[in-house]
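*Asks:* For the sequence shown, position 223 (counting from the first letter as 1) is numbered 341 according to the numbering used here, and the numbering increases by one without interruption. Got a structure here, written out as structure tokens. Questions coming.
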Amino acid sequence: MSKYIVKRILMSVLTLFIIVFVLFVLIRIMPGDPFPVERMSAEMIALKREELGLNKPILIQFADYMSLLASGSFGNGTSLYNGAPIKPILTACLINSFKIGVLSILFGTVVGLAIGIVAALNRGKFLDGFCTLVSILGVCIPSYVFMIFLQYFFSYKIPLFPYFFDPANFFASSIMPALSLSLFAISTIARFTRNEMLEVLNSDYVKLAESKGLYGFELIRRHVLRNALIPIVTVIAPLVVSLLTGAMVIEKIYGINGVGKLMVDAIAGQGVDYNYVLALSIVFSAMYIGAMLVLDILYGIIDPRIRLTSKEG
């Protein structure tokens, strides 16, 4: 198991390095300057480019940037927040998105699994049709539309929650955006859980277990859920990353100072702040690769055959 984990970690590190290099090169070769050109003269832009080392060969720029990353820094912004250091601002935004994302993941996973299991165990019945309808609506309704619906009823009509995000009242402010973000996760997990549960329930080894007198919860726990988990975990992993990194529209509507809103500000502000875009892209990529790494390890734990196949390869 240890060799399997080490191999996956090394592959993840190499993948992240390649992604950082590609992102860096793509952003550096983009046309234009990462400065508010309408407020700066050509001489000021030339001095700023010299100060930031943008006139150096691109490989030297990449080496300098990698040394920054190795020291735990992302450098400074170019137009956003008056060129302040990126790390503290990014960290604060990431914490806000992470807290709300965790609530979304917990709610989306628990409710999605419950709906999928209920639908599978009641195939062809009313509950199955109702759960399927809920899953379809969750995919069809955009999260920001659901967010506006929640704001109207639970902030305007019935003032239970703040209309906009309030850091002083974090938990109450997190309920509505977390519910909105979890809507798609609930629908996706529910549909996959139902399909995988039905496939496993119709398998020969489950029918054999039933013929031996194993029914109900014990049958589901010992033979059905474990074998249905691998495809479900595959779906959950990318959903986790998308929820932890925030939703741009939701954060903008609700006024959450998270990484989604930060990305919008970096792109749509006065001059695209390429350094923030690069830093955020690296963070998103690292989180996705980390989720895939955890997924691979979970695969090896849930199904030891995967470890044996990897060792043989």
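The beta-carbon is built from N, C-alpha and C at its ideal position, and this holds for glycine as well.
May I ask you to verify whether the region 216 to 225 touches the region 290 to 297, counting CB pairs closer than 8 angstroms and requiring at least 3?
*Replies:* Yes, they touch.
*Asks:* Considering Cα atoms alone, identify which of 124, 184, 170, 169 is closest to residue 138.
*Replies:* The residue given as residue 138 occupies position 20 in the sequence shown. With distances taken between Cα atoms, residue 138 lies closest to 184.
*Asks:* Going by other Cβ atoms of all chains shown within 10 Å of its Cβ, with 16 needed for buried, is residue 126 buried or exposed?
*Replies:* Mapped onto the sequence shown, residue 126 falls at position 8. When all chains shown are included, residue 126 counts as buried.
*Asks:* Confirm, please, whether the CB-CB distance from residue 205 to residue 191 is below 8 angstroms.
*Replies:* Within the sequence shown, residue 191 is the residue found at index 73, counting from 1. Within the sequence shown, residue 205 is the residue found at index 87, counting from 1. Contact flag set, yes.
*Asks:* Among residues of its own chain, excluding the 5 on either side of residue 360, which ones have a beta-carbon nearer than 6 angstroms to its beta-carbon?
*Replies:* Mapped onto the sequence shown, residue 360 falls at position 242. If we look at residue 360 and ignore the five residues flanking it on each side, it has no Cβ neighbours.
*Asks:* At what residues does the alpha helix (DSSP H) containing residue 267 begin and finish?
*Replies:* Position 149 of the sequence shown, counted from the start, is the residue given in the question as residue 267. That run of the alpha helix (DSSP H) goes 261 to 269.
*Asks:* Indicate whether the contact test is met: 3 or more Cβ pairs, each with one atom in the region 226 to 238 and one in the region 304 to 319, closer than 8 angstroms.
*Replies:* Flag = yes, the region 226 to 238 and the region 304 to 319 touch.
*Asks:* CB-CB under 6 angstroms to residue 380, same chain, minus the five flanking residues each way: which ones, in chain order?
*Replies:* Here residue 380 refers to the residue found at position 262 of the sequence shown. Excluding sequence neighbours, residue 380 sits near 211.
*Asks:* How many whole angstroms separate the CB atoms of residue 350 and residue 226, which I take to be in contact at a CB cut-off of 8 angstroms?
*Replies:* Here residue 350 refers to the residue found at position 232 when the sequence shown is read from its first residue. Here residue 226 refers to the residue found at position 108 when the sequence shown is read from its first residue. Contact doesn't hold; Cβ gap of about 12 angstroms is too wide.
*Asks:* Mind the definition here: the region 363 to 379 touches the region 282 to 289 only if three or more C-beta pairs lie below 8 angstroms; say whether that holds.
*Replies:* Taking 8 angstroms as the limit for Cβ pairs, the verdict is that the region 282 to 289 does touch the region 363 to 379.
*Asks:* Output the residue ranges of the alpha helix (DSSP H) runs that lie fully inside the region 366 to 406 and measure 4 residues or longer, sorted by chain position.
*Replies:* Whole alpha helix (DSSP H) segments, 4+ residues: 366 to 372, 377 to 386.
*Asks:* Hey, quick one: how far does the alpha helix (DSSP H) through residue 180 stretch, first residue to last?
*Replies:* The residue you call residue 180 lines up with position 62 of the sequence shown. That run of the alpha helix (DSSP H) goes 176 to 188.
*Asks:* Please classify residue 402: is it buried, with 16 or more other beta-carbons within 10 angstroms of its beta-carbon, or exposed?
*Replies:* Working through the sequence shown from its first residue, we reach residue 402 at position 284. Residue 402 comes out buried.
*Asks:* List the DSSP bridge partners of residue 194.
*Replies:* Within the sequence shown, numbered from 1, the residue matching residue 194 stands at position 76. Answer is 203.
*Asks:* For the alpha helix (DSSP H) containing residue 247, list its first residue and its last residue.
*Replies:* By 1-based counting over the sequence shown, the position of residue 247 is 129. Where residue 247 is concerned, the enclosing alpha helix (DSSP H) stretches over 244 to 258.
*Asks:* Alpha carbon to alpha carbon, how far is residue 197 from residue 164? Give it in angstroms, no decimals.
*Replies:* Position 46 of the sequence shown, counted from the first residue, corresponds to residue 164. Position 79 of the sequence shown, counted from the first residue, corresponds to residue 197. Whole-angstrom Cα-Cα distance: 15 angstroms.
*Asks:* Any idea if residue 144 is buried or exposed, counting beta-carbon neighbours within 10 angstroms, 16 or more meaning buried?
*Replies:* Within the sequence shown, the letter at position 26 stands for residue 144. Looking at its Cβ environment, which holds fewer than 16 other Cβ atoms inside 10 Å, residue 144 is exposed.
*Asks:* Look up residue 281 in the DSSP assignment and say whether it is helix, strand or coil.
*Replies:* Along the sequence shown, read from residue 1 onward, the residue named residue 281 stands at position 163. Three-state result, residue 281: coil.
*Asks:* In the structure shown, what three-state DSSP assignment does residue 321 receive?
*Replies:* As a first step, residue 321 is located in the sequence shown; it is residue number 203 there, counting from the start. Coil at residue 321, not helix or strand.
*Asks:* Please name the residue, chosen from 405, 414, 368, 253, that lies closest to residue 268 on a Cα-to-Cα basis.
*Replies:* In the sequence shown, residue 268 corresponds to position 150, counting from 1. Comparing Cα positions, the closest option is 368.
*Asks:* Hey, how far is the Cα of residue 131 from the Cα of residue 356?
*Replies:* By 1-based counting over the sequence shown, the position of residue 131 is 13. By 1-based counting over the sequence shown, the position of residue 356 is 238. The alpha-carbon atoms of residue 131 and residue 356 are separated by roughly 18 angstroms.
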